[in-house]
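K.L.:
First to last, the sequence lines map onto chains A and B.
For the first sequence, the tail end lands on 273 under our numbering, and the numbers increase by one without skipping.
For the second sequence, the tail end lands on 541 under our numbering, and the numbers increase by one without skipping.
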Amino acid sequence: MPKSGEPAIRAEGLTKTYRYTEQSPGLTGALKGVFRPDRRERLAVDALELTVPRGQIIGLLGPNGAGKTTTIKMLCGLLRPTEGELEVLGHRPSRRGFDFLSRISVVFGQKSMLWWDVSTYDSLVIHREMYAIPKPRFDRSVDDLAERLGIQDILHVPVRKLSLGQRMRCELVLALLHGPELLFADEPTVGLDVVAKLSVRRFLAELNRDLGTTIVLTSHDMNDVAALCERVVVINHGVTIFDGDLTALRGHADAGGEADLDQVMSNLFTAGS
Amino acid sequence: MTAAPKLRILRVLRVLVAREISLVLHYRWWLAMMQLSNIIAPAISLLVWRGAIAQGATPPVSESFLTTYLVLVSLVSMLTSSWTSGFLAAGIRLGELNSWLVRPCSTHVNGLANNVAEKLMKLTLLAPLAVALGLLFRDKVALPPPGLRWIAFLVALFMAAGMTFALDVVIGSLAFWFEDVSAIDRLRQLLARTLSGALIPLALFPAAFSGFLTAQPFRFMVSFPLEVLLGRPSDESYLLAVGWFTTFLGAAVVIWRIGLRNYQGAGA
């Protein structure tokens, strides 16, 4: 059990290299690949240094392929780092023990964690058993989260019949049912309309304010970042190119204090490329 | 693992089985047709062998053993079957495994729940068909009285189902390294169908192959439980059954763990 003063995340020299085989085009390339495979490596995250205190909302930003999702996958235990030290809530994530997994949660904007053919409530019942949540606490949490996210009326509707916005709110209820201390939200507002986006943002802010949940957010929507993140870490080509607050980010990108954040990010990536 | 985590996994398995049953009920007609086709092959085999015996053929086993074996083989084949490798391989290749790896429950519990639920449904459909087949040939069906033999049969059946499931996990886990494991799976299906005794009792194969057929692992996936119930397998056979069971289970655990280190979690 980590001490309360310890950071939620501590990464030193965190590195991930993907190994893959590249095949030349055409039949000749395919035959050559059988006998002499062209093995390559791609550095997705390069010696990342990151310390996240408890209770912070941090935005992990970068263009497509920058290494943000790989970083999140290492932080939540999905991927084993190639090199470096990583401690999340006092655990080594890749061991994926119950004590670690029951204190974190992950929301993938592009991948559902709900069971598709049954209602959200049925998925919640499965999570109740997975996380060994006592029935009275389960009932309280479901009532509270359903009310906060306004999903009382759709709790018993099969997930496949929900709209994207409704489904994302249900995903959040499922992700937070066990009361995680650390939430990884990987593009939670992708594809949502304005109303749904605002609802998700408001909820994440409340979660952080009321329960002190640490949130690691990735999003290409800079409005999400501006509304939620007190700190942003910008990654490009697997390397951290900025770590600080939004005011400092604008300064770093030589943009004015009121500059549009999309323009700020564009300046940053163009300058770095 | 202490008692509390085991109980937790059992509770998860229970709710997942209940969910799977509610889903499988949507496919009840597909399941019913599948069970009908499962009983037809041994029924035809039974008719052919009964005809051959009536014409004077002398198989190396008694007519009663042969008849009872072929009446029960569809049930045993179904109960010891597994179909999780394709789903597992797709989950690895497409990154669907991600959603299981971030939760405190193995994806194999889900595979097991699907297996158990579907088998429970299939059993309710197949058992009446097997009983009808048995009644049709009741003059030559000889089941042992209730007792130790039945208990040993149930243990052998459980081990056979465990072995098949473990082999399925091994084949599915190969997707950590290979793009497509369906060819390996097809080869496994072919070997299993021929060498497990699901189509023809192994005792009817040429005597020259008996040494190989006795020792090879597929025997313990269908034939062996029936041998335990209807015959008297040697002590070595019991040892081989335990040996193969342990080997397959161990291989599944080791290959899965090594594979997870290679996992690249495609997609979000």
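Every residue, glycine too, gets a C-beta built ideally from N, C-alpha and C.
Because the structure is a prediction, the values reported are computed rather than measured.
1) Does the beta-carbon of Pro-25/A have 16 or more other beta-carbons within 10 angstroms, so that it is buried, or is it exposed?
2) With distances taken Cα to Cα, identify the nearest neighbour of Ile-294/B among Leu-385/B, Ala-434/B and Ala-425/B.
3) Are Pro-377/B and Leu-101/A closer than 8 Å when you measure CB to CB?
4) Counting only beta-carbon atoms, is Val-375/B nearer than 8 Å to chain A?
5) What are the uninterrupted segments assigned as alpha helix (DSSP H) that are 4 or more residues long and contained completely in the region 163 to 230 of chain A, given in chain order?
6) Please determine, among Phe-35/A, Val-232/A and Glu-41/A, the residue with the shortest C-alpha to C-alpha distance to Lys-68/A.
7) Using 10 angstroms around the beta-carbon of Pro-315/B, count the other beta-carbons present and answer buried if the total reaches 16, otherwise exposed.
8) What span of residues does the alpha helix (DSSP H) with Val-349/B cover, start to end?
9) For the region 390 to 408 of chain B against the region 296 to 316 of chain B, do three or more pairs of beta-carbon atoms, one drawn from each stretch, fall closer than 8 Å, so that the two count as touching?
10) With contact counted as at least three CB pairs below 8 Å, one residue from each stretch, are the region 492 to 503 of chain B and the region 408 to 426 of chain B in contact?
11) Across which residues does DSSP place Asn-267/A in a beta bridge pair?
12) Do Val-173/A and Leu-149/A count as a contact pair if the criterion is CB distance below 8 Å?
13) Is there a Cβ from chain A that is less than 8 Å from the Cβ of Tyr-342/B?
14) Grab me the residues of Ala-488/B's own chain with a C-beta within less than 8 Å of its C-beta, minus the 5 sequence neighbours each way, in chain order.
15) Compare the C-beta of Val-285/B with all C-beta atoms of chain A and state if any pair is closer than 8 Å.
16) On a CA-only basis, which of Leu-320/B, Val-349/B, Gly-329/B and Ile-282/B is nearest Asn-311/B? Give me that one, please.
17) Can you round the beta-carbon distance between Asp-46/A and Val-216/A to whole angstroms, since I take them to be within the 8 Å contact cut?
18) With DSSP collapsed to three states, give me the class of Leu-370/B.
19) If we cut at 8 Å on Cβ distances, does Gly-33/A have a partner in chain B?
20) Work out the CA separation of Thr-189/A and Val-264/A for me, nearest whole Å.
21) Answer with yes or no whether the minimum CB distance from Glu-284/A to chain B is below 8 Å.
22) Taking Glu-391/B as part of the beta strand (DSSP E), name the residues at either end of that continuous run.
23) Cα-Cα, which of Arg-292/B, Pro-506/B, Tyr-511/B and Ser-507/B is closest to Ala-390/B?
24) Find the residues of chain B that neighbour Asp-284/A, judging by a C-beta separation of less than 8 Å, and give them in chain order.
25) Give me, in chain order, the residues of the same chain whose beta-carbon lies closer than 8 Å to that of Ala-255/A; leave out the 5 immediate sequence neighbours on both sides.
26) Please determine, among Ala-405/B, Arg-534/B, Leu-477/B and Val-375/B, the residue with the shortest C-alpha to C-alpha distance to Val-344/B.
27) Hey, would you say Ser-496/B sits closer than 8 Å to Pro-474/B, going by beta carbons?
28) Using a Cβ cut-off of 8 Å (strictly closer), state whether Gln-537/B contacts chain A.
29) Who does Val-88/A pair with in a DSSP beta bridge?
30) Within 10 Å of its beta-carbon, does Pro-81/A have 16 or more other beta-carbons around it, so buried, or fewer, so exposed?
31) By the 7 Å beta-carbon criterion, what residues does the region 43 to 70 of chain A contribute toward chain B?
32) Within 8 Å, do at least three Cβ pairs link the region 346 to 363 of chain B to the region 432 to 444 of chain B?
33) Can you tell me which of the three DSSP states Trp-322/B falls into?
P.N.:
Once the coordinates are examined:
1) For the purposes of this step, residue 25/A is taken as residue 25 along the first sequence, with counting starting at 1. Flag for Pro-25/A reads exposed.
2) For this step, residue 294/B is matched to residue 21 along the second sequence. Among Leu-385/B, Ala-434/B and Ala-425/B, the Cα nearest to that of Ile-294/B is on Leu-385/B.
3) As a working note, residue 377/B is residue 104 in the second sequence. As a working note, residue 101/A is residue 101 in the first sequence. Yes, they are a contact pair.
4) Along the second sequence, read from residue 1 onward, the residue named residue 375/B stands at position 102. With 8 Å as the cut-off, Val-375/B counts as an interface residue toward chain A.
5) 164 to 176, 194 to 211 and 222 to 228
6) One-based indexing of the first sequence puts residue 68/A at position 68. It is Val-232/A.
7) Numbered from 1 along the second sequence, position 42 holds the residue referred to as residue 315/B. Burial call: buried.
8) For the purposes of this step, residue 349/B is taken as the residue at position 76 of the second sequence. Here the alpha helix (DSSP H) through Val-349/B covers 336 to 352.
9) yes
10) yes
11) To locate residue 267/A, count along the first sequence from 1; it is residue 267. According to DSSP, which records beta bridges pairwise, Asn-267/A is partnered with nothing at all.
12) Stepping through the first sequence from its first residue, residue 149/A is reached at position 149. Stepping through the first sequence from its first residue, residue 173/A is reached at position 173. Closer than 8 Å, so yes.
13) Position 69 of the second sequence holds residue 342/B. Closer than 8 Å: no.
14) Here the question's residue 488/B lines up with position 215 in the second sequence. For Ala-488/B, where only same-chain residues beyond five positions count, the Cβ hits under 8 Å are Leu-513.
15) Here residue 285/B refers to the residue found at position 12 of the second sequence. At least one chain A Cβ lies under 8 Å of Val-285/B.
16) Within the second sequence, numbered from 1, the residue matching residue 311/B stands at position 38. For the residues Leu-320/B, Val-349/B, Gly-329/B and Ile-282/B, the minimum Cα distance to Asn-311/B belongs to Val-349/B.
17) Here residue 46/A refers to the residue found at position 46 when the first sequence is read from its first residue. Here residue 216/A refers to the residue found at position 216 when the first sequence is read from its first residue. Between Val-216/A and Asp-46/A the Cβ distance is about 19 Å, and since that is not below 8 Å, they are no contact.
18) Locating residue 370/B in the second sequence gives position 97, counting from the first residue. The answer is coil: DSSP assigns Leu-370/B none of H, G, I, E or B.
19) Mapped onto the first sequence, residue 33/A falls at position 33. It does not: the Cβ of Gly-33/A has no partner Cβ on chain B nearer than 8 Å.
20) The count along the first sequence starts at 1 and reaches residue 264/A at position 264. The count along the first sequence starts at 1 and reaches residue 189/A at position 189. Rounded to whole angstroms, Val-264/A to Thr-189/A spans 21 Å at the Cα level.
21) Outside the shown range of chain A (1 to 273) lies residue 284/A, about which nothing can therefore be said.
22) As a first step, residue 391/B is located in the second sequence; it is residue number 118 there, counting from the start. First-last for Glu-391/B: 380 to 409, but that is the alpha helix (DSSP H), not the beta strand (DSSP E).
23) In the second sequence, the residue the question calls residue 390/B occupies position 117. With distances taken between Cα atoms, Ala-390/B lies closest to Arg-292/B.
24) Given a span of 1 to 273 for chain A in the structure shown, any question on residue 284/A remains unanswerable.
25) Along the first sequence, one-based indexing puts residue 255/A at 255. Taken in chain order, the residues that qualify are Gln-263, Val-264 and Asn-267.
26) Numbered from its first residue, the second sequence carries residue 344/B at position 71. When each option's Cα is compared against that of Val-344/B, the closest is Ala-405/B.
27) Translated into positions along the second sequence, residue 496/B becomes position 223. Translated into positions along the second sequence, residue 474/B becomes position 201. A contact, by the Cβ cut-off of 8 Å.
28) Position 264 of the second sequence, counting from 1, holds the residue named residue 537/B. By this cut-off, Gln-537/B is an interface position.
29) Position 88 of the first sequence, counted from the first residue, corresponds to residue 88/A. In the DSSP output, where bridge partners are listed per residue, Val-88/A has Ile-9/A and His-91/A.
30) Here residue 81/A is taken as the residue at index 81 of the first sequence, counted from 1. Its Cβ being crowded by 16 or more others within 10 Å, Pro-81/A is buried.
31) Thr-69
32) yes
33) To locate residue 322/B, count along the second sequence from 1; it is residue 49. Here Trp-322/B sits in helix by DSSP.
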